[in-house]
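Scroll down for the structure; my scribbles are underneath it.
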Amino acid sequence: MLSHDDVDEITTRAARDGRHGAAAARFEELAGQPERHTEEINRALLLVEAGSQHGLAEDWDAAIRCYQEAIADGGSDAMDPRVWLHDAFLRVGRRDDASALLRELKASRSKDPDLYAAVAESLEVGGLLVDAHTWFTMGYHRCENADVPEFMLDLLLVGRRRIRVELDYPTDDLDELADDYLAAVGD
1 MLSHDDVDEI TTRAARDGRH GAAAARFEEL AGQPERHTEE INRALLLVEA
51 GSQHGLAEDW DAAIRCYQEA IADGGSDAMD PRVWLHDAFL RVGRRDDASA
101 LLRELKASRS KDPDLYAAVA ESLEVGGLLV DAHTWFTMGY HRCENADVPE
151 FMLDLLLVGR RRIRVELDYP TDDLDELADD YLAAVGD
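Under my numbering, read the sequence shown as residues 1 to 187, first letter to last.
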């Protein structure tokens, strides 16, 4: 049976040796071996890991294929694969497809701060700063009363603050909370 240690070992090896394509192939191979899956390490999670490795290898078509298969398989508890598919669509210039996924993700009203941070950071990398600001802000407001660790909310505010500086927006109350957090952790 596969464990998180097995997944981490493949990922760590690829980070060390740069053979992301080989790691992606291994994850896809494991995704095709249901007898080795567990409740936590399932086909969808392995396909997301494969997609991530394909992305690191700059093979975005393969990454998109893996993310789409993970979505069709029912997704992963670790992170909604639509987040990573959205990122891949942005990286290959498929803005309409990325926008459609954003609408779906927004409608899901997730209470997972990581989802909002990942979407916002993808938008930021894509130069869509106003949209990134919206997702950091929306994530904070949708998750502020959720049962999540406080630091995850703080990280949304820090990302939001970074974008607001880039956009030359004036400081607001949420920016001050982000600044307080950064001061407390020593930047």
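In this text, a Cβ means the ideal position worked out from N, Cα and C, and glycines have one as well.
- Task: Kindly provide the ranges of any alpha helix (DSSP H) runs that are 4 or more residues long and lie completely inside the region 16-80, ordered along the chain.
- Result: 20-31, 43-56 and 60-72
- Thinking C-alpha only, which one of ALA57, ASP77, ASP180 and ALA118 is nearest ASP17? Within the sequence shown, numbered from 1, the residue matching residue 17 stands at position 17. The option with the nearest alpha carbon to ASP17 is ALA57.
- Task: Rounded to whole angstroms, what's the CA-CA distance from ALA72 to ALA31? Just pull it up for me.
- Result: Locating residue 72 in the sequence shown gives position 72, where the first residue counts as 1. Locating residue 31 in the sequence shown gives position 31, where the first residue counts as 1. Rounded to the nearest angstrom, the two C-alpha atoms are 13 Å apart.
- Task: For the region 108-175, list the alpha helix (DSSP H) runs that are entirely contained and at least 4 residues long, ordered along the chain.
- Result: Listed in chain order, the alpha helix (DSSP H) runs fully inside the region 108-175 are 113-125, 129-143 and 150-166, counting runs of at least 4 residues.
- Message: I need the straight-line Cα distance from LEU129 to GLU176, nearest angstrom please.
- Response: For the purposes of this step, residue 129 is taken as residue 129 along the sequence shown, with counting starting at 1. For the purposes of this step, residue 176 is taken as residue 176 along the sequence shown, with counting starting at 1. Using only the alpha carbons, I get a separation of about 20 Å.
- Note down the Cα distance separating ARG36 from LEU2, rounded to an integer number of angstroms. Walking along the sequence shown from the start, residue 36 turns up at place 36. Walking along the sequence shown from the start, residue 2 turns up at place 2. Their Cα atoms are separated by approximately 6 Å.
- Item | Pick from GLY127, ARG164 and ARG82 that is closest to LYS106, judged by C-alpha positions | As a position in the sequence shown, residue 106 is number 106, starting the count at 1. Nearest C-alpha to LYS106: ARG82.
- Cβ atoms of VAL119 and HIS86: under 8 Å apart, would you say? Along the sequence shown, one-based indexing puts residue 86 at 86. Along the sequence shown, one-based indexing puts residue 119 at 119. Yes, these two residues count as a Cβ contact at 8 Å.
- When ASP179, GLU124 and SER52 are compared against ALA132, the one with the closest alpha-carbon: Against the sequence shown, residue 132 aligns to sequence position 132. Cα-wise, what sits closest to ALA132 is GLU124.
- If we count the other Cβ atoms within 10 Å of its Cβ and call it buried at 16 or more, is THR38 buried or exposed? Against the sequence shown, residue 38 aligns to sequence position 38. Exposed, by the Cβ-count rule.
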